[in-house]
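**Student:** My questions all concern the structure below.
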Amino acid sequence: MAIPACTALLALNDEPLDARQDYYAKRAQALHCSGYYQQAIQDADRALSLNSDDAVTLIWRGYSKNALENKAGARADFVQAQKIRPNSTYVLFNVAKQMQAWGEVSLALEGYEKVLDLDAGYEDVGVRYLNLLYDAMPTEDFESQLTKAETKWPDQPWAHGARVTYELRHGYDLGKALYAAESRIALTPNPKADLFLLAIFHMKIGDEEKGIEYAAAYAKAENKIDWGEKGSVRRTIDLLLGYIVHGQSTEWVTRSHAFAALGATDLARAEYQQFLAKGGPYSLGLLMDIIEGAGVPVDPQARNGSVEHINKAIDDHIRRLEQKVGFASLGPQVK
Numbered sequence: 034m035a036i037p038a039c040t041a042l043l044a045l046n047d048e049p050l051d052a053r054q055d056y057y058a059k060r061a062q063a064l065h066c067s068g069y070y071q072q073a074i075q076d077a078d079r080a081l082s083l084n085s086d087d088a089v090t091l092i093w094r095g096y097s098k099n100a101l102e103n104k105a106g107a108r109a110d111f112v113q114a115q116k117i118r119p120n121s122t123y124v125l126f127n128v129a130k131q132m133q134a135w136g137e138v139s140l141a142l143e144g145y146e147k148v149l150d151l152d153a154g155y156e157d158v159g160v161r162y163l164n165l166l167y168d169a170m171p172t173e174d175f176e177s178q179l180t181k182a183e184t185k186w187p188d189q190p191w192a193h194g195a196r197v198t199y200e201l202r203h204g205y206d207l208g209k210a211l212y213a214a215e216s217r218i219a220l221t222p223n224p225k226a227d228l229f230l231l232a233i234f235h236m237k238i239g240d241e242e243k244g245i246e247y248a249a250a251y252a253k254a255e256n257k258i259d260w261g262e263k264g265s266v267r268r269t270i271d272l273l274l275g276y277i278v279h280g281q282s283t284e285w286v287t288r289s290h291a292f293a294a295l296g297a298t299d300l301a302r303a304e305y306q307q308f309l310a311k312g313g314p315y316s317l318g319l320l321m322d323i324i325e326g327a328g329v330p331v332d333p334q335a336r337n338g339s340v341e342h343i344n345k346a347i348d349d350h351i352r353r354l355e356q357k358v359g360f361a362s363l364g365p366q367v368k
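Going by our numbering, the letters in the sequence shown line up with residues 34 to 368, in that order.
In structure tokens:
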């Protein structure tokens, strides 16, 4: 839409020069995004002929030149854009991203650091900065850089989120990880995801009761029905599944999956067995459909009521969930 709209406005020939410059600049961006790099450069040239200090258009022309493998031309545009607007987060961030794409790590880090000094919450600069540091140095050296980031930018969710990931995969200090998770949640709460995250931590540190509590709360939040957003057909299906077939609402599915993902296989298995015991005459067929739908083979004898084969199908499904999600393997294993 932007290309024909700008073209139509430019065809009027009676727009002020600053407006024409803007139309050329916007059409250059649209052409680049559509893969018409040479045409994008031509429009960028027109825009810059009307305003040579348009740093944003220089950035876009640089990207188009790079797409045509004119790295020297692209670099010249990026350098010029930074001379014009040395304190622009937009310019610094986009140049740093290109430096990273070129493998020029020191220049990329320098650019990201300048953006962080200007606005630590700009786009995903913090995440990019820490990820690049992590890739550029030994894991054991990264921890000190992470600590510096947490100290320097304590109000940034990305710093605490990085600590969570680091401790779960490398540091194995689950106390630090839990504190970081709680710090991040306080800054940017995400109710459903946060409940599951807290369930992971408490299960891993051996506080099973608290972990179960969080997992159950997650299941409840995940399955909360907002009737206003559902049509009559969907409401009917939910009612049938939740109150007639299941007999205990749809929460058991999410709850059992959550327990399996957390490595609490006994709890997951108990959810399946409780559903079979209380779900009514259709529960066995529905459970086997769920298991088979997840790509786990179900022996016909299970559908015919063989306890041995039912249990095998359940165990195979739980094992598949545990392996697929993989949260059980995060951090040191609690014995």
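Glycine included, every Cβ here is placed at the ideal spot set by N, Cα and C. Since we're looking at a predicted model, the values are computed, not measured.
My output table needs one value for Arg118: the three-state DSSP class, helix, strand or coil.
**Tutor:** Correct three-state label for Arg118: coil.
**Student:** Around the C-beta of Glu173, are 16 or more other C-beta atoms found within 10 angstroms, so that it is buried, or is it exposed?
**Tutor:** It counts as exposed.
**Student:** Please report the distance separating the alpha-carbon of Leu179 from that of Leu320.
**Tutor:** Cα-Cα distance, rounded: 45 angstroms.
**Student:** Which residue marks the beginning of the alpha helix (DSSP H) containing Ser67, and which one marks its end?
**Tutor:** It is not in any alpha helix (DSSP H) - Ser67 carries neither H nor E in the DSSP assignment.
**Student:** Quick check on Trp93: does DSSP put it in helix, strand or coil?
**Tutor:** If DSSP states are grouped into helix, strand and coil, Trp93 belongs with the helices.
**Student:** Measuring only the C-alpha atoms, how far is Glu143 from Gly136?
**Tutor:** Computed Cα separation, rounded: 13 angstroms.
**Student:** Take Ala129 and list the residues in its own chain whose beta-carbon comes closer than 6 angstroms to its own, dropping the five residues that flank it on each side.
**Tutor:** Once the five neighbours on either side are set aside, the close Cβ partners of Ala129 are Ala141, Gly144, Tyr145.
**Student:** Measure the CB-CB distance between Gly194 and Arg217 and report whether it falls below 8 angstroms.
**Tutor:** Yes, Cβ-Cβ distance for Gly194 and Arg217 is below 8 angstroms.
**Student:** Any chance the segment 116-124 sits against the segment 95-108, with 3 or more Cβ pairs inside 8 angstroms?
**Tutor:** Taking 8 angstroms as the limit for Cβ pairs, the verdict is that the segment 95-108 does not touch the segment 116-124.
**Student:** Go ahead and pull the three-state DSSP assignment for Gly136.
**Tutor:** Coil.
**Student:** Grouping DSSP H, G and I as helix and E and B as strand, with all else coil, what is Gly275?
**Tutor:** Confidence at Gly275 is low in this model, with a pLDDT of 39, below 50, so its placement is unreliable and no value can be given for it.
**Student:** What do you get for Thr184, buried or exposed, if any count of 16 or more other CB atoms within 10 angstroms of its CB means buried?
**Tutor:** With fewer than 16 other Cβ atoms within 10 Å, it is exposed.
**Student:** With H, G and I counted as helix, E and B as strand and the rest as coil, what does DSSP make of Met170?
**Tutor:** Here Met170 sits in coil by DSSP.
**Student:** Which residues in the same chain as Ala301 place their Cβ atom closer than 6 angstroms to its Cβ, once the five residues preceding and following it in sequence are excluded?
**Tutor:** Correct list, in chain order: Ser289, Phe292, Ala293, Ile351.
**Student:** What is the C-beta distance between Leu228 and Tyr212, in whole angstroms, given that I count them as a contact (C-beta under 8 angstroms)?
**Tutor:** Contact flag wrong, Cβ pair sits at about 17 angstroms.
**Student:** Quick check: what's the CA-CA separation for Ala169 versus Val138?
**Tutor:** Near 8 angstroms, if we compare the C-alpha coordinates of Val138 and Ala169.
**Student:** Ala182 to Asp152, Cα distance in whole Å?
**Tutor:** In a straight line, the C-alpha of Ala182 is about 14 angstroms away from that of Asp152.
**Student:** Look at Phe126 and Tyr162 and say whether their C-beta atoms are less than 8 angstroms apart.
**Tutor:** Against a cut-off of 8 angstroms, the Cβ pair of Tyr162 and Phe126 comes out as no contact.
**Student:** Considering only the alpha carbon of each residue, which of Trp186, Ala219, Asn164 lies closest to Thr371?
**Tutor:** This structure cannot settle anything about residue 371, because the visible part of the chain is limited to 34 through 368.
**Student:** Closest to Ala210 by CA distance: which of Asp86, Pro224, Asn223, Leu231 is it?
**Tutor:** Selected option, being the one with the closest Cα: Leu231.
**Student:** Exposed or buried, which one is Glu200 when buried takes at least 16 other CB atoms within 10 Å?
**Tutor:** Buried: at least 16 other Cβ atoms inside 10 Å.
**Student:** Just tell me which of Asp86, Gln54, Tyr56, Ala100 has its CA closest to the CA of Ser67.
**Tutor:** Ranking the options by Cα distance to Ser67, first place goes to Ala100.
**Student:** Under the rule that 16 or more other beta-carbon atoms within 10 Å means buried, what is Pro314, buried or exposed?
**Tutor:** Per the 10 Å Cβ criterion, exposed.
**Student:** By how many angstroms is the C-alpha of Thr90 removed from the C-alpha of Ala80?
**Tutor:** Looking at the two C-alpha atoms, the distance is approximately 8 angstroms.
**Student:** Please name the residue in Tyr70, Tyr123, Tyr69 whose C-alpha comes closest to that of Ala88.
**Tutor:** The option with the nearest alpha carbon to Ala88 is Tyr123.
**Student:** Going along the chain, which residues of its own chain have a beta-carbon closer than 7 angstroms to the beta-carbon of Ile74, five neighbours each way excluded?
**Tutor:** Contacts found: Arg94, Ser97, Lys98.
**Student:** Report the residue from Asp157, Ala310, Val329, Tyr247 whose alpha carbon sits nearest the alpha carbon of Thr287.
**Tutor:** It is Tyr247 whose Cα lies nearest to the Cα of Thr287.
**Student:** Could you give the distance in angstroms between the alpha-carbon of Arg202 and the alpha-carbon of Arg196?
**Tutor:** Spanning the two alpha carbons is a distance of roughly 10 angstroms.
**Student:** Rank Gln62, Asp110, His65 by C-alpha distance to the C-alpha of His85 and give the top, closest one.
**Tutor:** The sequence shown places Ser at residue 85, not His. Out of Gln62, Asp110, His65, Asp110 has the C-alpha closest to the C-alpha of Ser85.
**Student:** Could you say which of Gly208, Pro330, Gln54 lies nearest to Ser8 if we only look at CA atoms?
**Tutor:** In the structure as shown, the chain begins at 34 and stops at 368. Residue 8 is therefore absent and cannot be evaluated.
**Student:** Anyone know if the C-beta pair for Pro190 and Leu220 falls short of 8 angstroms?
**Tutor:** Yes, Cβ-Cβ distance for Pro190 and Leu220 is below 8 angstroms.
**Student:** By DSSP, does Asp216 sit in helix, in strand, or in coil?
**Tutor:** The amino acid occupying residue 216 in the given sequence is Ser; Asp does not appear at that position. Here Ser216 sits in helix by DSSP.
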